[in-house]
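Each position in the sequence shown, counted from 1, maps to that position plus 5 in our numbering.
We put the CB at the ideal spot given by N, CA and C, even for glycine.
Have a look at the structure below, then the notes.
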Amino acid sequence: MAGKADSVKTIFYALGANFAIFVAKLVAAILTGSGSMLAEAVHSLADCGNQGLLLLGIKRAKAPPSPDFPLGFGKAIYFWSFLVALMLFSVGGMFSIYEGVHKLQHPEPLKWAWLAVGVLTFGIIAETLSMWGCLNEVNKARGQQSLWRWFRDSRQSELIVIFGEDLAALLGLVFALIAVLLTMATGDPMYDAIGSIGIGVLLIVIAVFIAVEVKALLIGQGVEPRAKEAMLKFLAGREEIKQVYNLLTLQMGPDVMVAIKAEMSRYLSPRELIDDINRVEAAFRAEFPDVRWCFFEPDSRD
């Protein structure tokens, strides 16, 4: 089994990089009049706000259960992650497209172009470091899976969001740099406008992919397929269990709820049956520490 990624560390990596990049890009956008640069500045500012929302979501998800919410607030992180996807779509993607269309209709010459190139280069370096930090944590979680398989199967919504944001930011910076260089080489501001539109489309596409994954978690997904397979293998290896009939799981943010229906190996007395079930549950929780609720139902098909 793969390890557990530190989502909070990844968020702080991205927050530090995005704030530094936002300040640099905003100054450059004002001085150069670059639409692509302004789109990137807004994108970086939106990312800072998004990371703040994710930190808030992680904190809310740790709240203890209450009478109205007996299973706790773990799924709160999915709500905040979905909200971030909407922010990425609207504030980032739609604004970038609007700015690009505006520049196409009202073209303006690019000023201080080399400053824009320098800031974008700095941004690419900073985002690369942020992406490196994110990938280190992703690699802990994905094990031998491909990045695409991890993205589809992961239940850590906040890590999915940060990975998508970092990828969008890095590619967006590359788009903006290419647009500025083409504008410098040709003297045609159309390339700057097209770059802004390209950044917007990129952000919207990635936001949609993130939203689809988080929506599934909001509805109620079980644990990752490889985690469920490991659970079934563990239960099948217990001497107290003759056969597992059903295993239901539900991912509740950082916690997991499990319901097991199995035939026990022996039926000697109610006390011994309870003792066997308690031993299995204790061992199961020790093997899978994310399991917070475990419901065990013995059954016989004789």
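Three-way DSSP call (helix, strand, coil) for residue i in this model
| i | result |
| --- | --- |
| Gln161 | coil |
| Trp298 | strand |
| Val263 | strand |
| Tyr196 | helix |
| Val89 | helix |
| Val249 | strand |
| Phe214 | helix |
| Gln150 | coil |
| Gln56 | helix |
| Glu142 | helix |
| Glu268 | strand |
| Glu132 | helix |
| Lys80 | coil |
| Trp137 | helix |
| Asp171 | helix |
| Lys67 | coil |
| Gly225 | coil |
| Phe94 | helix |
| Arg119 | The residue you asked about is not Arg; residue 119 is Trp in the sequence shown. Note: Trp119 maps to helix in three-state DSSP. |
Chain C within 8 Å of residue i, Cβ atoms only
| i | result |
| --- | --- |
| Gly192 | In summary, chain C is missing from the structure at hand, where a single protein chain is found. |
In DSSP terms, what residue i is bridged to
| i | result |
| --- | --- |
| Thr191 | Answer by DSSP bridge pairing: none, since Thr191 is not bridged. |
| Leu125 | DSSP lists no partner for Leu125. |
| Thr254 | Val263 |
| Lys303 | Sequence check: residue 303 is Pro here, not Lys. According to DSSP, which records beta bridges pairwise, Pro303 is partnered with Ala267. |
Nonlocal neighbours in the same chain, by C-beta distance under 7 Å from residue i, ignoring five residues either side
| i | result |
| --- | --- |
| Glu113 | Gly38 and Pro194 |
| Leu134 | Ala22 |
| Arg290 | Val296 and Cys299 |
| Tyr18 | Ser135, Gly138 and Cys139 |
| Ala212 | Ala90, Leu93, Phe94 and Gly98 |
| Ser162 | Ile82, Tyr83, Ser86, Val219 and Leu222 |
| Ser203 | According to the sequence provided, residue 203 is Gly. The question's Ser does not apply to it. Result list for Gly203: Phe180, in chain order. |
| Ala29 | Val124, Phe127 and Gly128 |
Cβ neighbours of residue i in the same chain (closer than 8 Å, five flanking residues each side left out)
| i | result |
| --- | --- |
| Met92 | Ala51, Gly54, Asn55 and Leu58 |
| Phe84 | Gly62 and Leu223 |
| Leu208 | His48, Leu93, Phe94, Gly97, Gly98, Ser101, Ala173 and Gly177 |
| Pro230 | Asp158 |
Extent of the continuous alpha helix (DSSP H) run through residue i
| i | result |
| --- | --- |
| Leu237 | Pro230 to Ala241 |
| His107 | Phe100 to Gln110 |
| Arg284 | Pro275 to Glu292 |
| Phe27 | Ser12 to Thr37 |
Proximal residues to residue i (C-beta, below 6 Å), its chain only, five neighbours per side dropped
| i | result |
| --- | --- |
| Leu182 | Leu125 |
| Leu31 | Ala46 |
| Ile26 | Ser49, Gly128 and Ala131 |
| Val206 | none |
| Ala216 | Ala90 |
Original post:
How do the region 75 to 84 and the region 250 to 266 stand: do at least 3 beta-carbon pairs fall below 8 Å, yes or no?
Top reply: These segments touch.
Original post:
Touching or not, the region 162 to 172 and the region 135 to 148, by the rule of three or more beta carbon pairs under 8 Å?
Top reply: With the cut-off at 8 Å, the region 162 to 172 and the region 135 to 148 touch.
Original post:
Three or more beta-carbon pairs under 8 Å between the region 213 to 232 and the region 116 to 129, yes or no?
Top reply: No, the region 213 to 232 is not in contact with the region 116 to 129.
**OP:** Taking 8 Å as the threshold, find out whether the region 267 to 287 comes into contact with the region 102 to 112 through three or more Cβ pairs.
**Re:** Contact fails: fewer than three Cβ-Cβ distances are below 8 Å.
Original post:
Are the region 123 to 137 and the region 176 to 188 touching by the rule of at least three beta carbon pairs closer than 8 Å?
Top reply: Counting C-beta pairs with one atom in each stretch, the region 123 to 137 and the region 176 to 188 have three or more that are closer than 8 Å, which means they touch.
Original post:
Touching or not, the region 152 to 161 and the region 59 to 75, by the rule of three or more beta carbon pairs under 8 Å?
Top reply: Not touching, per the Cβ criterion.
Original post:
Is the number of C-beta pairs between the region 22 to 32 and the region 58 to 67 that are closer than 8 Å three or more?
Top reply: No, they do not touch.
Original post:
Does the region 236 to 254 come close enough to the region 268 to 278 that 3 or more CB-CB pairs lie under 8 Å?
Top reply: With the cut-off at 8 Å, the region 268 to 278 and the region 236 to 254 touch.
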